[in-house]
Amino acid sequence: MGGAVGKSLKMRVLQLLLLLGVVGILASTLVWSEHYLWLSFGIVILAIIIFLLHFERRKIVAREIVLLAVMAAIASVSRIPFAAIPSVQPTTFVIMMAGFVFGKESGFIIGVVSALASNMILGQGPWTPWQMIAWGLVGFSAGLLRNWSVMKGTIGKVGFAIIWGFLFGWIMNIWGLLALTGGGTGEGGLLDPQVLIPYFISSALFDSMHAVSNVVFLLLFGGVWVKLLERFKMKYGLLEYK
Amino acid sequence: MIQRFEDFHPAFTFFYYMGVILLLMMFQHPTILVIALLIILMIHFVEDRFQNLKRWSLLIILSGVLIILLNPVFNQRGRIVLFIIGDHYITLEAVLNGSVTALSIMAIISIFVSYNEVMTPNKLLFLFSKLLPQFAVLLMLTLRFIPLMRRRLEEISAVQYSKGIAVTDGNWRKKVKNGLLYIQVLVTYSLEEAIQTADSMNAREYGKGERTTYDHFRFKKIDAVAFLWVGFLLIYCVIGRLYGFGVLTIYPMMDPIPLTGMEWCLAIGMFIFIAFPLVVKGGGRLKWRILISKM
Chain A
40 MGGAVGKSLK MRVLQLLLLL GVVGILASTL VWSEHYLWLS FGIVILAIII FLLHFERRKI
100 VAREIVLLAV MAAIASVSRI PFAAIPSVQP TTFVIMMAGF VFGKESGFII GVVSALASNM
160 ILGQGPWTPW QMIAWGLVGF SAGLLRNWSV MKGTIGKVGF AIIWGFLFGW IMNIWGLLAL
220 TGGGTGEGGL LDPQVLIPYF ISSALFDSMH AVSNVVFLLL FGGVWVKLLE RFKMKYGLLE
280 YK
Chain B
10 MIQRFEDFHP AFTFFYYMGV ILLLMMFQHP TILVIALLII LMIHFVEDRF QNLKRWSLLI
70 ILSGVLIILL NPVFNQRGRI VLFIIGDHYI TLEAVLNGSV TALSIMAIIS IFVSYNEVMT
130 PNKLLFLFSK LLPQFAVLLM LTLRFIPLMR RRLEEISAVQ YSKGIAVTDG NWRKKVKNGL
190 LYIQVLVTYS LEEAIQTADS MNAREYGKGE RTTYDHFRFK KIDAVAFLWV GFLLIYCVIG
250 RLYGFGVLTI YPMMDPIPLT GMEWCLAIGM FIFIAFPLVV KGGGRLKWRI LISKM
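Here the protein sequences line up with chains A and B, keeping their order.
Quick note on our numbering: the first sequence kicks off at 40 and runs consecutively.
Quick note on our numbering: the second sequence kicks off at 10 and runs consecutively.
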C-alpha cells in the first residue's frame, strides 16, 4: 500500500507543478502578447493533462471503466446515423446526458475520450486538443450544475443545451481565429472587432443549428435518457451508488 | 539492419513531431517557413509519393488561400501600399502577415498528415500506457468499442427498417427522432452487454496488483542517439529564438525581409531538425549501397 500512497503523492505534486505551469503561461501572455497561438495551445494541453492525472489517481473498478468507454464510444459513433443531416450530431447531447447522470468527472472524461478516439479514426490535427477540452467541458459543466434547482427543470436544461450549442462553436472559433490571424493582437489581429465579429457571425448559423438540435434531442429524449442511465447506474451499483 | 523512421521508439517519434510543430509556430518568417514547407513536402514525397497528402490537399490549399486573402481584407495597416480597391488599401505588410500565418498553418497540417501515418494509434496508446495507465485502458476499450458499435448500429437499423422505421425517409423532425431512437437502442443494448465485459475483466483479476506486460517497443541505443541529436537542435533553435532571431517583425515597422547571417545559422538548425526523416532515409540508402558493394 505504501507504494500506492507514494504514487498518489507524486501525482499530486505533478498536478501542482502543471498548475503552476498554466499560471506561468497565463502570466507570460502579458509580456508576449503576440504569441497567443502557441501559449493557448500550452494552456489547453496542460489543463487536459491535469484532469487526466486526477482521473489516474482515482481507484476505478472494471464496471466503471467499461461504462465510461461505452458512453464515449456511443458519443463518437452517434454521428453516423446523422451523416445525412448537415451540422446535426448528437455527440454533445450524449455527453451532456452522461454528465447529468454520472457526475462532472465522468462527464469530463467521456467528452475528452470521445473526441480523442474519434479523431484517432478520422485523423488528428491541431484542432484535437480544442475538441477534447470543449466536449470535456460540456460533460463537466453538466455534472457540476446537475443538482442546481434551475437545472432540474426543463427550462434550465434547455437553456444549458442552447448555451453549449454556441459555446462549443466559440471554443472551436478560438482555434480557427488563432489559425486565421496567427495569434497576433492589434489591427487585423485576434481581438480586432473587424475580424472577430464577421468570424463569429459566419459561424453563428452552424452554432445555432447545433443549439437547436441539442434542444430538440433534449425535449424528445432527455427524460427517457436520464431515466435509462439512472437505471443502469442503480442496477449495477456504478459510480457513486456504492 | 537498416533503420527506418517508423521504427524509432514512439517517445522519440512523438517528440520529433511536437518539436516540428513548436518550431513552425515559433519561426514566423516567410523565407524560413517556405523552406520548412518544402522540406515537409519532400518528406511526403520520399515516404509515399504524396499518396496521403493528396487526400488532405484541398483542406491545406483552401485554408492557406483563405488566410492569405482574408488578411488584407480586414487589415489596412502598413506603409507600403500595393494597390487600392475602392477606398480599401492593400498593403504589403498585410499580405505578408497573412502569408506567414498561412504558411505556418499549411506546414502544420501537412506535418500532421505525416504524423497520422507514422504515429499509429498503437504507438500513441503505448505512450499513454506508460504515463497514464488507467486512461490508456479506457482509451483502448473505447477504440475497441467503436467498430463494435458500428456493427450494432447496422443490426439495429436492419431490425428497425423491417418495422418501417428508417432515418432516410420522412421529414427533418422524423429523421432526427428516428436517428436518436437508434442511438437509444444502442445505449441500452451496449450497457447491458458491457457488464459482461466488466465481469470478464474482473474474472481475469483486473486491478489486482502489478502486472508484467510485453512491450512491443524497446528503447534502443539508436533512439538515445536520435534523442540527443534532435534535442540539441531544438534547444539551439529555442535559444536563438529567445534572442529574437528568426522572426519577421511586421508592425509597427517592417524589418528587411532577407535573412541575416545569424538568422541563416539558426534557420539551418531548424531545417536539419525537420529533415530528420530524410536523414534517416538517406543513411539507410547509403548503408544499403555499402552492403551491396561488400557482397
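Even for Gly, the Cβ is constructed at its ideal location relative to N, Cα and C.
Contact with chain A by residue i, beta-carbon distance below 8 Å
i	result
B/Ala20	no
B/Met115	no
B/Ser199	yes
B/Met158	yes
B/Ala45	no
Closer than 8 Å to chain B by CB, residue i
i	result
A/Phe179	no
A/Leu315	Since the first and last residues shown for chain A are 40 and 281, residue 315 of chain A lies out of range.
A/Tyr280	Here A/Tyr280 scores only 43 on pLDDT, less than 50, and its place in the model should not be relied on; the value that follows carries that caveat. No, A/Tyr280 lies away from the interface with chain B (no Cβ there is under 8 Å from its Cβ).
A/Ile213	no
A/Gly146	no
A/Met171	no
A/Phe245	no
A/Arg51	no
A/Ala66	no
Assigned secondary structure, residue i (DSSP; H/G/I helix, E/B strand, else coil)
i	result
B/Thr22	helix
B/Val90	strand
B/Ile231	helix
B/Tyr98	strand
A/Ser145	helix
B/Thr151	helix
B/Ile117	helix
B/Ser108	helix
B/Tyr170	helix
B/Tyr245	helix
B/Met304	coil
A/Asn253	helix
A/Lys272	helix
B/Lys290	helix
B/His225	coil
A/Lys191	helix
B/Arg298	helix
A/Ser241	helix
A/Gln233	helix
B/Asp178	coil
B/Leu141	coil
A/Pro129	coil
A/Pro120	helix
A/Gly138	helix
B/Ile11	coil
B/Arg220	coil
B/Arg161	helix
A/Gln163	coil
B/Gly28	helix
B/Arg250	helix
A/Ile84	helix
A/Lys98	coil
B/Pro265	coil
First and last residue of the uninterrupted alpha helix (DSSP H) at residue i
i	result
B/His38	It is not in any alpha helix (DSSP H) - B/His38 carries neither H nor E in the DSSP assignment.
B/Tyr260	Premise fails: B/Tyr260 is in no alpha helix (DSSP H) and is neither H nor E.
B/Leu79	Gln60 to Phe83
B/Trp181	Trp181 to Ala212
A/Trp174	Thr167 to Leu184
B/Met128	Run containing B/Met128: none; DSSP gives neither H nor E here.
B/Ile277	Gly270 to Ile283
A/Ser115	Ala101 to Val116
Straight-line gap, residue i to residue j (C-alpha atoms, nearest Å)
i	j	result
B/Glu15	A/Phe141	40 Å
B/Val43	A/Ile210	30 Å
B/Ala45	B/Val256	14 Å
B/Pro81	B/Gly107	7 Å
B/Phe236	B/Thr22	9 Å
A/Gly150	A/Ile87	11 Å
B/Arg153	A/Ala122	22 Å
A/Val116	B/Asn180	23 Å
B/Val104	A/Ile172	33 Å
B/Phe24	B/His18	10 Å
B/Tyr170	A/Ser126	24 Å
B/Tyr215	A/Leu107	16 Å
A/Pro129	A/Ile202	15 Å
Of the residues the options, the one placed nearest residue i, counting alpha carbons only
i	options	result
A/Lys196	A/Phe205, A/Leu206, A/Leu184 and A/Phe207	A/Leu184
A/Phe205	A/Phe245, A/Ala181, A/Pro237 and A/Gly175	A/Phe245
A/Gly262	A/Leu155, A/Ile113 and A/Phe132	A/Phe132
A/Gly182	A/Trp214, A/Leu155, A/Ala154 and A/Phe147	A/Phe147
B/Gln85	A/Ile240, A/Gln233, A/Met159 and A/Thr167	A/Gln233
The ligand GDP heavy atom lying under 7 Å from the CB of residue i
i	result
B/Lys290	Annotation note on the ligand GDP: not contained in the displayed structure, which lists no ligands.
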